[in-house]
Amino acid sequence: MDHVVSSMFRGITRDRDRGDPLIATASAGHSELAVKRFLKFTFPYIAVHLSCLFVLTVGFSWFALIVSILVYLTRGIGITGFYHRKFSHHAFQTGRVVQFVGAWLGASAAQGGPLWWVAHHRRHHKVSDEQGDLHSPLVEGFGISHHGWLARSNADPTHVKDVEDLARYPELCWLDRNAWIPILSTAFGLLFAGIAIGRLFPWTGTNGPQLVIWAFFLNTVLLWHVTFAVNSVCHRWGKRHHETTDDSRNNWLIGVMALGEGWHNNHHRFPGTSRHGFKRSQVDFTHLVIRTLARVGLARDLHPVPARLWLSSKPSRWTI
Ligand SMILES: [Zn+2]
Ligand SMILES: [Zn+2]
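What follows is the structure, encoded as structure tokens:
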């Protein structure tokens, strides 16, 4: 099971010197790619969902719930702050160590390696809601835009030409090829921590299996669907505060759940900002974290929201 989980979402093995993997896969038969995609995504995706049913056997503890929330926020920031805002859009800069830690956290969310994730996301911005957008609810329907696109063989390759800026970093390429390591580290770390805490502090009411189910499996599934909802829900339901060439929306529920990413119409209007909420009521937890990192010297060059795009009259407190 863990081996299966480890390989989920991974793009094909790639190496800068071998060029664009799309070329490498062009000669492969379609059925071969389909089988590969089934083993990489569809089977483990279903298996992880089914694993959540073990919640009925491991029981509940407040400790496990709190740990799960903390893990959700931490891995979520890896996706929203680093995979998305930093790597995909260069919304802020960090040193190389912080960059790697952020990429590690993102990879631990079992959403693929950083190069694969960023390459697909940049393609989405290039052709949003047009032919070629792999996860547009307007082009393909809601189910495909939410998660069905991941089961297709054309979701597999990484367009290395779209991420040459990231491919300059050997540690990010290594992480991209070995995205299973942060995933397994998280799962086993929670297992061993749960065993130890359950024995040392029995009042917590937790144990290893409980912590793994609550803070890894349930957590992973929730984070998947919230991330996927940015692609599906936020291109269908919500307010359009800005005219854009796509059908992106600002959706408050996804805005909260996805740590600020649900202000998606704002994001498509001006993708390079470190803050996605363009007014005070549009809460943006990711930006709060980025701003905190900047204040302690771990992030710099935060790209502010242009004053002309602010949706409220008092932006000064929220600008960088
Ligand atoms: Zn979008
Ligand atoms: Zn984006």
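Just so we're aligned, residue 218 is where the sequence shown starts under our numbering, counting upward by one.
Every residue gets a Cβ at the ideal spot worked out from N, C-alpha and C, and that includes glycine.
### Task
Use the C-beta contact count for GLU478: other C-beta atoms within 10 angstroms, 16 or more gives buried, fewer gives exposed.
Buried, because 16 or more other Cβ atoms sit within 10 Å of the Cβ of GLU478.
### Task
Could you tell me whether the Cβ atoms of ASP373 and ASP463 are closer together than 8 Å?
In this structure, ASP373 sits away from ASP463, with a CB-CB distance that is not shorter than 8 Å.
### Query
Bridge partners of ALA516, per DSSP?
According to DSSP, which records beta bridges pairwise, ALA516 is partnered with THR311.
### Query
If you draw a straight line from the C-alpha of ALA368 to the C-alpha of ARG254, how long is it?
Roughly 6 Å separates the two Cα atoms.
### Query
What is the residue span of the alpha helix (DSSP H) that ASP393 lies within?
387-394 is the span of the alpha helix (DSSP H), which, as asked, contains ASP393.
#### Entry: Any heavy atom of ligand 1 within less than 6 Å of residue CB: hits in chain order
Here the list is HIS341, SER345, HIS452, SER465, HIS481 and HIS485.
### Query
Using a threshold of 7 Å, is the CB atom of HIS307 nearer than that to any non-hydrogen atom of ligand 2?
Incorrect: HIS307 has no Cβ contact closer than 7 Å to ligand 2.
### Query
Would you say HIS520 touches ligand 2, meaning its beta carbon is less than 7 Å from a heavy atom?
No; taking the cut-off as 7 Å, the Cβ of HIS520 has no heavy atom of ligand 2 nearer than that.
### Task
With a threshold of 7 Å, establish whether the CB of PRO426 neighbours any heavy atom of ligand 2.
In this structure, ligand 2 has no non-hydrogen atom nearer than 7 Å to the beta-carbon of PRO426.
### Query
Are the region 308-324 and the region 386-401 touching, with three or more C-beta to C-beta distances below 8 Å?
Using a C-beta cut-off of 8 Å, the region 308-324 makes contact with the region 386-401, since at least three inter-stretch Cβ pairs fall below that distance.
### Query
Would you say the beta carbon of HIS338 comes nearer than 7 Å to a heavy atom of ligand 2?
Yes.
### Query
What are the boundary residues of the alpha helix (DSSP H) that ASN448 is part of?
Its alpha helix (DSSP H) spans residues 435-448.
### Query
Any heavy atom of ligand 2 closer than 7 Å to the Cβ of HIS301?
In terms of side-chain proximity, the C-beta atom of HIS301 is found nearer than 7 Å to a non-hydrogen atom of ligand 2.
### Task
Inspect the beta-carbon positions of VAL438 and GLY411 and report whether they are closer than 8 Å.
Cβ atoms of VAL438 and GLY411: not closer than 8 Å.
### Message
Quick check: the Cα distance between HIS352 and HIS452, rounded to an integer number of angstroms?
### Response
Approximately 10 Å between the Cα atoms of the pair.
### Query
Secondary structure at ASN467, three-state DSSP: helix, strand or coil?
Three-state DSSP puts ASN467 in a strand.
### Query
Would LEU256 be called buried (16 or more neighbouring beta carbons within 10 Å of its own) or exposed?
Classification of LEU256: exposed, given that the 10 Å Cβ count is below 16.
### Task
Could you tell me if the beta carbon of PRO488 falls within a distance shorter than 7 Å of some heavy atom in ligand 2?
Because some heavy atom of ligand 2 lies under 7 Å away, the Cβ of PRO488 counts as near it: yes.
### Through-space distance from HIS363 to HIS442, alpha-carbon basis
If you take the alpha carbons of HIS442 and HIS363, they lie about 8 Å apart.
### Message
For a test of the three-state rule: what should DSSP assign to LYS456, helix, strand or coil?
### Response
Assignment of LYS456 by DSSP, reduced to helix, strand and coil, places it in the strand class.
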